[in-house]
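As they're listed, the protein sequences go chains V and L. The first sequence maps to residues 7 to 562 in the numbering used here. The second sequence maps to residues 7 to 562 in the numbering used here. Glycine included, C-beta positions come from ideal geometry on N, C-alpha and C. The structure presented is a predicted model; accordingly, all values stated were derived computationally and were not measured. Encoded as structure tokens, the structure appears first; notes follow it.
Number of protein chains: 2
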Amino acid sequence: MASDIEIARAATLKPLPEIAAALDIPADALEPYGKTKAKLSGDYIATLKDRPRGKLILVTAISPTPAGEGKTTTTVGLGDGLARIGRKVAICLREPSLGPCFGMKGGAAGGGRAQAVPMDDINLHFTGDFHAITAAHNLLAAMLDNHIHWGNELRIDTRRIALRRVLDVNDRALRAVVTGLGGPANGTPREAGFDITVASEVMAILCLASDLEDLQRRLGNIVVGERVDRSLVTARELGADGAMTVLLKDAFQPNLVQTLEHTPTFIHGGPFANIAHGCNSLVATDTALRLADYVVTEAGFGADLGAEKFFDIKCRKGGLSPSAAVLVATVRALKMNGGVEKGDLGVENVAAVERGCANLGRHIDNLKQFGVPLVVAINHFTADTEAELAAVKAFCAERGVEAVLATHWADGGAGTEALARSVAALADSGEADFAPLYDDDLTLVEKIETVARKIYRAGEVDIDKAARAQLERWQEAGHDRLPVCMAKTQYSFSSDPDQLGAPEGHVLKVREVRLSAGAGFVVAICGSIMTMPGLPRHPAALDIRLNEDGEIEGLF
Amino acid sequence: MASDIEIARAATLKPLPEIAAALDIPADALEPYGKTKAKLSGDYIATLKDRPRGKLILVTAISPTPAGEGKTTTTVGLGDGLARIGRKVAICLREPSLGPCFGMKGGAAGGGRAQAVPMDDINLHFTGDFHAITAAHNLLAAMLDNHIHWGNELRIDTRRIALRRVLDVNDRALRAVVTGLGGPANGTPREAGFDITVASEVMAILCLASDLEDLQRRLGNIVVGERVDRSLVTARELGADGAMTVLLKDAFQPNLVQTLEHTPTFIHGGPFANIAHGCNSLVATDTALRLADYVVTEAGFGADLGAEKFFDIKCRKGGLSPSAAVLVATVRALKMNGGVEKGDLGVENVAAVERGCANLGRHIDNLKQFGVPLVVAINHFTADTEAELAAVKAFCAERGVEAVLATHWADGGAGTEALARSVAALADSGEADFAPLYDDDLTLVEKIETVARKIYRAGEVDIDKAARAQLERWQEAGHDRLPVCMAKTQYSFSSDPDQLGAPEGHVLKVREVRLSAGAGFVVAICGSIMTMPGLPRHPAALDIRLNEDGEIEGLF
Chain V
7 MASDIEIARA ATLKPLPEIA AALDIPADAL EPYGKTKAKL SGDYIATLKD RPRGKLILVT
67 AISPTPAGEG KTTTTVGLGD GLARIGRKVA ICLREPSLGP CFGMKGGAAG GGRAQAVPMD
127 DINLHFTGDF HAITAAHNLL AAMLDNHIHW GNELRIDTRR IALRRVLDVN DRALRAVVTG
187 LGGPANGTPR EAGFDITVAS EVMAILCLAS DLEDLQRRLG NIVVGERVDR SLVTARELGA
247 DGAMTVLLKD AFQPNLVQTL EHTPTFIHGG PFANIAHGCN SLVATDTALR LADYVVTEAG
307 FGADLGAEKF FDIKCRKGGL SPSAAVLVAT VRALKMNGGV EKGDLGVENV AAVERGCANL
367 GRHIDNLKQF GVPLVVAINH FTADTEAELA AVKAFCAERG VEAVLATHWA DGGAGTEALA
427 RSVAALADSG EADFAPLYDD DLTLVEKIET VARKIYRAGE VDIDKAARAQ LERWQEAGHD
487 RLPVCMAKTQ YSFSSDPDQL GAPEGHVLKV REVRLSAGAG FVVAICGSIM TMPGLPRHPA
547 ALDIRLNEDG EIEGLF
Chain L
7 MASDIEIARA ATLKPLPEIA AALDIPADAL EPYGKTKAKL SGDYIATLKD RPRGKLILVT
67 AISPTPAGEG KTTTTVGLGD GLARIGRKVA ICLREPSLGP CFGMKGGAAG GGRAQAVPMD
127 DINLHFTGDF HAITAAHNLL AAMLDNHIHW GNELRIDTRR IALRRVLDVN DRALRAVVTG
187 LGGPANGTPR EAGFDITVAS EVMAILCLAS DLEDLQRRLG NIVVGERVDR SLVTARELGA
247 DGAMTVLLKD AFQPNLVQTL EHTPTFIHGG PFANIAHGCN SLVATDTALR LADYVVTEAG
307 FGADLGAEKF FDIKCRKGGL SPSAAVLVAT VRALKMNGGV EKGDLGVENV AAVERGCANL
367 GRHIDNLKQF GVPLVVAINH FTADTEAELA AVKAFCAERG VEAVLATHWA DGGAGTEALA
427 RSVAALADSG EADFAPLYDD DLTLVEKIET VARKIYRAGE VDIDKAARAQ LERWQEAGHD
487 RLPVCMAKTQ YSFSSDPDQL GAPEGHVLKV REVRLSAGAG FVVAICGSIM TMPGLPRHPA
547 ALDIRLNEDG EIEGLF
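Rendered as structure tokens:
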């Protein structure tokens, strides 16, 4: 089969007003960015707020492995499938980051015949949202150091600055730096560092704010560090919230594109799935729900991280009530969860699939805890055997969950019609009775423990002493009602990436906690979390170039 | 009078296809970015290459003072004036940088009733060009450190790395940093630093490349540092040129907007006027010349820097032949050149104006050396007195140069009709006989000396010994035919910013030289040049915010 970019390039895109018309969006509500990308105007979005919401469908997955699960691809494929069976549907995805695009993994707009297009633009600068976030974040950082330079009236402790800078690039050399060198004209020397833009709290804020006013309020709440007396200093005290909002006013508007099959697709925001909540923007999802009868969206990593945060952070904050979930599994990933090495995936191994189904089962049980009914989507790979597929289906049937084979990668929406019918029936059934996992009024420590015990099945939660003290101080400082955002390896239910399958009774160590007061959550970090990736020995950038026809090669 | 942003906000913009139609640009050649900004497609631009060029008019100025000269404002006003007298005209401007916008000076799209609009968008992210340059530059930097991290096959000397990183923000704390701290997983510790994006060589390259192929060739030529054996390492050797070109492919296309009076305006590129050449992109200027009968453009700083580089770098590289120049002067700036302090500018002082005219006279003489006929435009300020204006006119008349009063700030194009008639007549006269100041085959040292003696009227040129050795090595390495780009204070013909008026016989010290092999010039640095500005005590960002109607306040 052709590569993703070859398929995308060969596609004939429809003019965006036609795509918008499928959702009854008038053409003048579109702010065009080129001919095949647009933002929805804020004025138009404001007119939608009293409309009823359609049904929200979350696509999540088993624990990821190097074999790949295809969550975005399935989200796109399911959207196309729903459109094919005549439903009024919109898809909501996250925006890709330039860093991994030029580093390890290539594009992130789906794959095969289930892609959002124009895939090259989406994977590159798109409509500039991430650049706006970078600019707003770094303006705050510059204003912080500038405040210190001109006398430090706020008495900020330069040893206790929480705010780092951000760039949308994989650059390990920027993880730990010393800034302000070269004498008094260049500011105050201090330890600092850069994260990748998707790890910026500004990104998480953009994805959780309800409108521009709420955006500014949240930006003002960002805690940049501590004073000498240990009290917290906010972006508002630095006077940065207004200018940051101005820089973000266009980025805040959702972007509309289409799939290869012309299904309307909102791609907006892309916060990290570990130190943030890993979902596309609330404003995009809410807008889509006001326009479509069915909205298909995704969350980062496996269901233990992505779905939990989607439910406990995004749905809680946005008052969203999902009607159904789709749990994506692949035979390959189940085999790896069953102990097979990547090199041996090509060999039929039903026993390994059956062992790996323990991981699938755990995710099924977890999703049920939120009151959301689910379907398992088996994302088909060409090497899957009948016996392996039958093993997955049998496992699901035993649990009372339907498992549907989906061939969207090869067949587009034609390969997800069966899945779409099952999902639509489930969403229409009224079976959903969504509730977040824990109440706002549990303590921060209790919230961490609840997720650890109910979702990760930890036997014990070991919160570092300093982190526990920090949590208590935030608890008393009025941040007690915030949800928690767990930063844990995505490869295991435990904090040990090598414990595949469905481990239980393990000790979850919380080493560090961070307050994202603007985004509105407390991050609990279990294990080491990378917020600035590095480039591999042979970065993808080496192979990305324009060919003789001016077309992009090497994005895949 | 209302503020710039109030005037801009009150304006009724025409749909961009109508603006384009004034230059016979078909609507499908436009890639829209919102409703009032667009890029011209590369395919369309390629169709223009055999058309004859219109007449090119450079707007330059006397030596700048804190009083302000209004070069961009006059460029816009003159364009509007030419349109009013029935000429087919296009304006070419540089893109503003976010750094100064949130720092000291506010917007940079003209002022009063002579503005390019939408001024808020132009001053903020516009069409994302600067962000693309930031991304491309920093990808190269990441690939450089990554190469070293994975074994440093090219044997790059980490003590002799020339490439810095860039951000479009005023942030003094980033001028001098140490990167790569925190252990082996984070790369190799070394001294590094950030410049503002406009100072990136990638910016200069984007502004001098003729097409995407030339862009990639030039990007590949960027010298990132030296090997242990002192030989030069290029971006091409790091394999970054292809990916950088992909990141810049949209940014390379010129942007079209309009003035308040709907004159077509290309705003594209904005390299520093000290370590680079300070003009808008060659591709925008060339495109405008193929479409319009008259193209009005500007160059940074005073004529000693801006016009010289425009002629010796941009016109030389692009084969452009300007038909006329407009030298902008203000009574206020002449007074300051005549020794008046800023606080005393409100008082009539004809003698100071007459003394200050020495500066004007020197610039007139200099422009004549290039064979370009000129008009002096007196940019009117309300406090100017009749006697002061008469003094300027009398001075110019003595030199055989017409001086025309222009009131575009208050009156828009109606205030520049007389100027437009004079300029059009001059451009039509065939009087121009343009030639650069020096030939390609002078040595690099001779080129520096030529500019210093003929334009700055230095009595002596003192090139630091190490810099001279460096020039000789580049001379021998095949860079001998490059023009020189002088980085000197803009406030004086000398390298001492306090020597106003028309100093001569001074000693020009060249302290440092830099090779911009991709852009295609050698930078000679005289005095200290700031490539990363800082924020002032009260940055403009503190006052920039959205008002209750969602409109931007504080950009001025």
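Using only CA atoms, which one of the options lies nearest to residue i?
| i | options | result |
| --- | --- | --- |
| residue 409/L | 559/L, 417/L, 432/L and 20/L | 432/L |
| residue 366/L | 376/L, 12/L and 397/L | 397/L |
| residue 165/V | 230/V, 243/V and 456/V | 230/V |
| residue 368/L | 308/L, 320/L, 354/L and 358/L | 308/L |
| residue 373/V | 413/V, 72/V and 316/V | 316/V |
| residue 106/L | 452/L, 174/L, 325/L and 412/L | 174/L |
| residue 217/V | 438/V, 51/V, 148/V and 302/V | 51/V |
| residue 278/V | 155/V, 20/V, 529/V and 438/V | 529/V |
| residue 186/V | 179/L, 184/L, 189/L and 191/L | 179/L |
| residue 507/V | 70/V, 37/V, 58/V and 45/V | 70/V |
| residue 56/V | 292/V, 224/V, 215/V and 422/V | 292/V |
| residue 15/V | 472/V, 425/V and 126/V | 126/V |
Taking the beta carbon of residue i as the centre, do at least 16 other beta carbons fall within 10 Å, making it buried, or is it exposed?
| i | result |
| --- | --- |
| residue 487/L | exposed |
| residue 385/V | buried |
| residue 239/L | buried |
| residue 153/L | buried |
| residue 553/L | exposed |
| residue 390/V | buried |
| residue 7/V | exposed |
| residue 587/L | Since the first residue of chain L shown is 7 and the last is 562, residue 587/L is not available in this structure. |
| residue 18/L | exposed |
| residue 546/V | buried |
| residue 472/V | exposed |
| residue 524/V | buried |
Near residue i, what residues of its chain come up, given a Cβ to Cβ distance below 6 Å and the 5 sequence neighbours on each side ignored?
| i | result |
| --- | --- |
| residue 328/L | 62, 64, 378 and 440 |
| residue 370/V | 405 and 407 |
| residue 242/L | 226 |
| residue 75/V | 67, 334, 336 and 339 |
| residue 469/L | 516 |
| residue 208/L | 139, 142 and 143 |
| residue 442/V | 317, 318 and 322 |
| residue 310/V | 461 and 499 |
| residue 151/L | 193 |
| residue 39/V | 133 |
Looking only at its own chain, which residues have a Cβ that is under 7 Å from the Cβ of residue i, when we skip the five neighbours before and after it?
| i | result |
| --- | --- |
| residue 116/L | 78, 79, 82 and 122 |
| residue 358/L | 341, 344, 345 and 346 |
| residue 170/L | 198, 199, 200 and 201 |
| residue 128/L | 102, 115, 122, 263 and 273 |
| residue 268/L | 20 and 25 |
| residue 356/L | 393, 394 and 397 |
| residue 509/V | 498, 499 and 500 |
So what does residue i bridge to, in DSSP terms?
| i | result |
| --- | --- |
| residue 285/V | 305/V |
| residue 200/V | 171/V |
| residue 21/V | According to DSSP, which records beta bridges pairwise, residue 21/V is partnered with nothing at all. |
| residue 164/V | According to DSSP, residue 164/V bridges with nothing at all. |
| residue 264/V | 123/V and 270/V |
| residue 4/V | Examination of residue 4/V is not possible in this model, given that chain V is present from 7 through 562 alone. |
| residue 491/V | 529/V |
Would you say residue i touches the ligand SAM, meaning its beta carbon is less than 7 Å from a heavy atom?
| i | result |
| --- | --- |
| residue 79/V | Among the ligands in the structure shown, none appear at all, so the ligand SAM cannot be discussed. |
Check your understanding: Can you list the beta strand (DSSP E) stretches of 3 or more residues lying completely in the segment 387-418 of chain L, in chain order?
Key -> 409-412
Review point. What are the complete alpha helix (DSSP H) segments, minimum 4 residues, inside the segment 307-351 of chain V?
Key: Qualifying alpha helix (DSSP H) stretches, in chain order: 312-315 and 337-343.
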